[in-house]
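Notes for the one structure printed next.
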Amino acid sequence: MTSTILASTIVAPNKSSQVTRKPYPNYKVIVLNDDFNTFDHVANCLIKYIPNMTPDYAWQLTNQVHFEGQALVWSGPLEQAELYHQQLRREGLTMAPLEAV
Numbered sequence: 001m002t003s004t005i006l007a008s009t010i011v012a013p014n015k016s017s018q019v020t021r022k023p024y025p026n027y028k029v030i031v032l033n034d035d036f037n038t039f040d041h042v043a044n045c046l047i048k049y050i051p052n053m054t055p056d057y058a059w060q061l062t063n064q065v066h067f068e069g070q071a072l073v074w075s076g077p078l079e080q081a082e083l084y085h086q087q088l089r090r091e092g093l094t095m096a097p098l099e100a101v
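For the sequence shown, UniProt numbering gives the first residue as 1, with consecutive numbering after it.
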């Protein structure tokens, strides 16, 4: 009795060479208007806690908060957004909940 060994080739399925990268969402830090924070306090808090905030831009955003009811003061990764949101809230500013952009 003779046995024959058959060699077979196993072919693995091709993997897709296209990788889809989905970026993490950015989050918006929004200050809301209220009846108790002064213009000076809001502007000074923005300068103190928001990176690269200039005095002129802080005043522009403070006016937007007053006249339009809110202003987007920063957007970016969640961890940083949480930090800035918490710092501004701790200073007494009225903050909108964080939301993804």
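Ideal placement from N, C-alpha and C gives every residue a C-beta, glycine not left out.
Rounded to whole angstroms, the Cβ separation of residue 101 and residue 51 is 17 Å, and the two are not in contact under 8 Å. Rounded to whole angstroms, the separation of the alpha carbons of residue 66 and residue 44 is 15 Å. About 4 Å separates the Cβ atoms of residue 94 and residue 34, confirming a contact at the 8 Å cut-off. DSSP, reduced to helix, strand and coil, places residue 48 within a helical segment of the structure shown. Beta-bridge analysis with DSSP links residue 70 to 32.
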